[in-house]
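Undergrad: Here it is, the structure in full.
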Amino acid sequence: MIKRLFLGSTNVDFLKVGKLFYKVFLIEVVIFLAVLIMSSLGVLPVNLSVDFTGGTTYQLEANYSDEDISEVMNSSILDVSRYQTFDNSDSIIFRATENTQQKETEFLFYLSNKFDVSDENIDFQRVGPTFGDEITSKGLQALLIFLTLVILLISYRYEFKYSIIALIALIHDLLLVFSIYVLLGLEITPSTVIALLTILGYSLYDTVILFDKLNDTVKTSRFSYLSDDSLNKTFNEVLMRSLNTSITSAIPIASILFLGNYLGLSGTLTDFALPLFIGILSGTYSSIFVTVPFLAKIINK
Amino acid sequence: MKKYFNILFLPIISASLFALVYIQELKPKLGLDLQGGISVILTADDDTDQELIEQAVEIMRTRIEAFGDVQEPEIAISGENSVLVQLPGVTDQERAIEALGTTGLLTFRPVLDSSLTTGYSPALSLEVNPDDPEDVSTKIKEGVTGVDEVIGISINDNPEFESYILSVSGGYPVIYQLGPAELTGNDISDAIAVFPENEWIVSLEFKEDSAQLFTELTKKLASQNGEQRKLAIVLDGEVVSAPGVAFDVDPSVGITGGTAAISMGNADGGESANNLAIILRYGALPVSFERSSIEKVSATLGEDTLNLGLQAGLVGLVIVSMYLILYYRTLGLVAILGLSSFGLLFYSVITLLGEYQGFTLTLSGIAGIIVSIGLAADSYIVTFEKFKDEIKIGRSFQFAAEKASQDAWKTILTADFVSLSAALLLYVLAIGPIRGFALALGVATIFDLIFTRIYTRNAVPVISSLSKSPRVFFPIKESDLIND
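First to last, the sequence lines map onto chains S and V. According to the numbering used here, the first sequence is numbered sequentially starting from 300. According to the numbering used here, the second sequence is numbered sequentially starting from 283.
This is the structure in structure tokens:
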């Protein structure tokens, strides 16, 4: 089997497999919808970073005990909403809701005294809620324009029906990452939004290469139109490329995650790498297993 | 021959550019998130006039320059009504915000003399030519330094010393001789323009700690007469107003209670009163900004992140290379030479852009670079896989390699076009950190296209003519081909 995979001469009947994965797809859609509805109703909390909600974060490195932390959490200076510690390092991050400049500075000095860290070594971030809104609205704007462009481009290069299938695959990837974030309660930062936009690029890149291959096969096939045979041939041949590509794309990103975790660093770079990693896996999956059932449907008609 | 030239062209260019950068000891210009510093985003109201924001940015620039020890500050309008201020290397938050001048370089200085009494700058004395009474010239008074010879205004205003400052706020120019600053904008807690009866006044409130200072100052002024009863309000080297202490103020008591009222008359319907109140409240900026984001990155965190990015990039590159060699064998070497040249070229171009265009490498830029390693590697994989397909259907190696690299070019062109438009779109629409990412991704995509077109397209056919055995290129045997 592995040898056949290497050779690109696997003999998977993708039409049959497609039916199975169509069911998986439908289950996914139900989950996505449930997550979307529950999070918009507030049943499932969406963990948004201070960039979206407004507030302050303080990050410092110090020796601390659990008592220290609960003391800080109950501090009367600011309303400290959350804290975060790390297994591999002495970093602590405190997050507090918005308050006056004076109180925020007071809290900075309080932390500096409490943990015996010079205030210059405490990383401080203050964000008004408008900043996150701006990123979100710009992101949505970019998303809409990008999707329109994608439909036009694929319709022009291949077929209109293809562009709809590509769109389904894209939205699948976005919703998958979003659902994982909501279900695991991971924090959504502006980096996550950037990563989501990048995932679009990746996922589409994969789908385009697949369509290109399909186009080639159709052109050289006997009937020159999309048939069961050409579909199966293409997907069998393209499997190894898809695998290789996602492996090579995922390796550098995985190394950010592992090194970041090993060195005990969390920050924008790891915030960025995690959704990207999930997105690349999802993009590879969707470019094959989400597109197949839909392509099969085109043939049947 | 031309083929070999084409294959070596890009690696040689990349290597020599890198050598150039290395010899000149150039380093990429690091963004604030990689070297530490403070970044502030100031946001004005939605419908603020663009011109006012531009003016405010200009004022902030001058202020920061006056601030001194900030290396390469960046102040830029971002979006419609926001200003992004980046102060690399600054770790003292209070000072940074002071430098931004949201409270203003506003000082209160006692007036010592003014051109209202003599008609010319108090720094100058008149000299009448004894032979011709019509010929009058001016000369700088003895003991006065740092003053312009012709009009008698201080060239550099230092609020800690006596200076000669011009005021045009009264509609006609007046030159004041001012003593050192006694109070600053930081001593004011609030200022508003009100119209209690008959005339506009600006009501001023001092902070608790500063009220006593103000009382002492007014005690001194109230014991004086004429110009010396006046207290000049100086903003960024210009006297905005010089109200006198009222005659009913008792010199032994001064103005107490931490409040003061400046009479502004009734001539302009309160416009000048409002302007003065705004200046007192906000300093020089014509727009009031809300600090919508302050981010402080300590130098150590910046360094840690940079190292993480570099290490991750390197580890990623090594593992990808190993994987490519294992799977594609000699073709893997083609990919590795290509990818390393790609890396060197990328590094050099970013460094040069930083040197000559002021491009700063930020964290998101590094993320973009790491992502682009995957993209670049994929272009090789697409080509190699096409090559494998062609061999499998029984084509000769030579023909297969030619056809594969041509077909792959078309595929990669389409796919890269998608990436490029995504990068472009992100760059145009994005604010702040996303831009660095988009730029890195865009540049990488263009490099990828160039490498595919010139390097890969020529290298694959040449390498494929080395051997007739598929084992040299893929983990497959000759017998696999015949069976297929």
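Note that CB positions come from ideal geometry on N, CA and C, so glycine has one too. In this text, all values refer to a predicted model and were calculated from it rather than measured experimentally.
1. Determine the DSSP secondary structure at residue 313(S), reduced to helix, strand or coil.
2. Report the neighbours of residue 422(S) on chain V: residues whose CB is nearer than 7 Å to its CB, in chain order.
3. Grab the span of the beta strand (DSSP E) containing residue 392(V) for me, first residue to last.
4. Quick one: any contact between the region 653-667 of chain V and the region 719-732 of chain V, if contact means 3 or more CB pairs under 8 Å?
5. Going by the CB atoms, is the gap between residue 441(V) and residue 405(V) shorter than 8 Å?
6. Less than 8 Å between CB atoms is the rule here; does residue 504(S) satisfy it with respect to chain V?
7. Is residue 472(S) close to chain V, meaning its C-beta is less than 8 Å from at least one C-beta of that chain?
8. I'd like to know if the region 391-405 of chain V and the region 455-471 of chain V are in contact, where contact means that at least 3 CB-CB pairs between them fall below 8 Å.
9. From this set, 403(S), 435(S) and 355(S), which residue's C-alpha is nearest residue 382(S)'s C-alpha?
10. Tell me, please, whether the CB atom of residue 287(V) is closer than 8 Å to any CB atom in chain S?
11. Taking residue 729(V) as the reference, which of 718(V), 664(V) and 622(V) has the closest Cα?
12. What in chain S is Cβ-close to residue 402(V), meaning under 9 Å?
13. Check whether the region 315-329 of chain V touches the region 571-589 of chain V, counting contact only when three or more Cβ pairs, one atom from each stretch, lie closer than 8 Å.
14. From the beta carbon of residue 488(V), is the nearest beta carbon of chain S less than 8 Å away?
15. Does chain V have any CB closer than 8 Å to the CB of residue 393(S)?
16. Looking at C-beta atoms only, is the number of pairs between the region 741-760 of chain V and the region 696-712 of chain V that lie closer than 8 Å three or more?
17. For residue 539(S), return the contacting residues in chain V, with the cut-off set at a CB-CB distance below 7 Å.
18. Leaving aside the five residues before and after residue 733(V) along the sequence, list all residues of the same chain whose C-beta is less than 8 Å from its C-beta, in chain order.
19. From the DSSP output, in three-state form, read off residue 755(V) for me.
20. Of all the CB atoms in chain V, is at least one closer than 8 Å to the CB of residue 577(S)?
21. What is the residue span of the alpha helix (DSSP H) that residue 370(V) lies within?
22. Short check: CB of residue 486(V) to CB of residue 470(V), under 8 Å?
23. Below 8 Å on the Cβ atoms is my guess for residue 498(S) versus residue 582(S); work out the distance and round it to an integer in Å.
24. Spatial neighbours of residue 321(S) within its chain, please: CB distance less than 7 Å, with the 5 preceding and 5 following residues excluded, ordered by chain position.
25. Counting only beta-carbon separations shorter than 8 Å, does residue 344(S) have a partner in chain V?
26. Under the three-state reduction of DSSP, which class applies to residue 405(S): helix, strand or coil?
27. Given a cut-off of 8 Å, decide if residue 551(S) and residue 594(V) are closer than it, judged by their beta-carbon atoms.
28. Is the Cβ of residue 498(S) closer than 8 Å to any Cβ of chain V?
29. With a threshold of 16 other CB atoms inside 10 Å of the CB of residue 609(V), please say whether the residue is buried or exposed.
30. Answer yes or no: does any C-beta atom of chain C fall closer than 8 Å to that of residue 551(S)?
31. From this set, 663(V), 641(V), 361(V) and 583(V), which residue's C-alpha is nearest residue 615(V)'s C-alpha?
32. Cβ-heavy atom distance between residue 558(S) and the ligand MN below 7 Å?
33. Between residue 602(V) and the rest of its own chain, which residues show a CB-CB distance below 7 Å, the 5 nearest in sequence each way excluded?
34. Quick one: give me the first and last residue of the beta strand (DSSP E) that residue 478(V) is part of.
35. Looking at residue 311(V) and residue 587(V), is the spacing between their C-beta atoms short of 8 Å?
36. From residue 288(V) to residue 735(V), what does the alpha carbon distance come to, in whole angstroms?
TA: On the basis of the coordinates in this document:
1. If DSSP states are grouped into helix, strand and coil, residue 313(S) belongs with the helices.
2. Chain V residues near residue 422(S): 578, 579, 580 and 583.
3. 388-396 is the extent of the beta strand (DSSP E) around residue 392(V).
4. Taking 8 Å as the limit for Cβ pairs, the verdict is that the region 719-732 of chain V does touch the region 653-667 of chain V.
5. Contact flag unset, no.
6. Yes, contact with chain V.
7. False, the Cβ-Cβ gap to chain V never drops below 8 Å.
8. Flag = yes, the region 391-405 of chain V and the region 455-471 of chain V touch.
9. Per the Cα distances, 355(S).
10. No, no contact with chain S.
11. The option with the nearest alpha carbon to residue 729(V) is 622(V).
12. The premise fails here: residue 402(V) is roughly 46 Å from chain S at the closest Cβ pair, so nothing lies under 9 Å.
13. By the criterion of at least three beta-carbon pairs nearer than 8 Å, the region 315-329 of chain V is in contact with the region 571-589 of chain V.
14. Chain S contact via Cβ: absent.
15. Closer than 8 Å: no.
16. Taking one beta carbon from each stretch, the region 741-760 of chain V and the region 696-712 of chain V have fewer than 3 pairs nearer than 8 Å; the two do not touch.
17. Residues of chain V passing the Cβ test: 667.
18. Hits under 8 Å: 292, 620, 623, 624, 658 and 661.
19. Coil.
20. Cβ-Cβ to chain V under 8 Å: no for residue 577(S).
21. That residue, residue 370(V), is in no alpha helix (DSSP H); its beta strand (DSSP E) goes 364-370.
22. Yes, Cβ-Cβ distance for residue 486(V) and residue 470(V) is below 8 Å.
23. Their Cβ separation, rounded to whole angstroms, is 6 Å, which keeps residue 498(S) and residue 582(S) in contact under 8 Å.
24. Same-chain partners within the cutoff: 592.
25. So no, residue 344(S) is outside the interface.
26. Per DSSP, reduced to three states, the secondary structure at residue 405(S) is helical.
27. Yes, these two residues count as a Cβ contact at 8 Å.
28. Closer than 8 Å: no.
29. Under this definition residue 609(V) is a buried residue.
30. Although the question refers to chain C, the structure presented lacks it and instead comprises the protein chains S and V.
31. A check of alpha carbon separations from residue 615(V) across 663(V), 641(V), 361(V) and 583(V) identifies 663(V) as the nearest.
32. As presented, the structure is devoid of all ligands, the ligand MN included, so that no description of it is given.
33. Result list for residue 602(V): 655 and 659, in chain order.
34. Membership of residue 478(V) in the beta strand (DSSP E) is indicated by the continuous run 470-479.
35. Remark: C-beta atoms of residue 587(V) and residue 311(V) do not approach each other more closely than 8 Å.
36. Looking at the backbone, the Cα of residue 288(V) and that of residue 735(V) are separated by about 10 Å.
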